[in-house]
Amino acid sequence: MSYISQDAPVFDASIRENIAFDRDMTDEAIWGILDKVGLKEKVWSLPDRLDTLVGERGMKLSGGEKQLLAFARIMAQQRSIIILDEPVSALDNINEKRIMSRVLDLFAGKTLIVIAHRLQSIRDVDRILVVKDGQIADEGDFHQLMGGSDGFRELWSREMEDHSAEPHPA
């Protein structure tokens, strides 16, 4: 089983070590994973590339880059059960959608549990459980919940209102 929390764990080590972790991996495999998560160009631009040290708790990386690096490690681990706890919280909307789409593709056929408050990130999952006061209040796919769950529709409406209230670049 693999797990990524909202505060994606990054080790005081190189990018290579953060991805390979406890496995032997070729550079080609690591570059392929970096490409899949969208970090290839960033890492390629660094002076030491895969051997770049990211610092304690990944201090040399942005929050989004830390999450992408954690996704790369999860992809390298190839576990059958993956738990993602607010996995895209530090990513912008464009990267959130791209990464979640890739995650769903890459982990097809595996058990993927996603804990999310940003409903946009789970729109394409097979089954959504709506939890209220510690109990499952509703369940279904996105379209079923939009059609038959007042609570889910309210959550979705609030998220869309909050999103539309965000300042847009000029």
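Residue numbers 28 to 197, in the working numbering, belong to the letters of the sequence shown in order. Heads up, the beta-carbon is just placed ideally off N, CA and C, and yes, glycines get one too. Owing to the predicted nature of the structure, the values given are computational and were not obtained by experimental measurement.
Start and end of the beta strand (DSSP E) containing residue i?
i: S128; result: Segment N120 to L133 is the alpha helix (DSSP H) holding S128; no beta strand (DSSP E) there.
i: K159; result: I155 to K159
i: I31; result: S29 to I31
Which first and last residues belong to the alpha helix (DSSP H) in which residue i is found?
i: G174; result: F169 to G175
i: V70; result: K67 to S72
i: L96; result: G90 to Q104
i: L139; result: Run containing L139: none in the alpha helix (DSSP H); it sits in the beta strand (DSSP E), T138 to I142.
i: D51; result: Looking at the DSSP string, D51 is not in any alpha helix (DSSP H), and its letter there is neither H nor E.
Would you grab the beta carbon distance between residue i and residue j for me? Rounded to a whole angstrom, and I think it's under 8 angstroms.
i: I142; j: E113; result: 6 angstroms
i: A97; j: V37; result: 7 angstroms
i: S148; j: M127; result: 5 angstroms
Which same chain residues, not among the five before or five after residue i, have their C-beta less than 7 angstroms away from its C-beta?
i: P194; result: At P194 the pLDDT is 48, less than 50, meaning the model places this residue with poor confidence and gives no usable figure here.
i: L267; result: Residue 267 cannot be examined here, being either before or after the span of the chain that is shown, 28 to 197.
Which same chain residues, not among the five before or five after residue i, have their C-beta less than 6 angstroms away from its C-beta?
i: L139; result: I109
i: Q104; result: S29
Requested in this report: Please confirm if the stretch 37-46 is in contact with the stretch 115-131, defined as three or more CB-CB distances below 8 angstroms between the two stretches.
Outcome: no
Requested in this report: Give a yes or no on contact between the stretch 125-137 and the stretch 70-85, applying the rule of three or more CB pairs nearer than 8 angstroms.
Outcome: no
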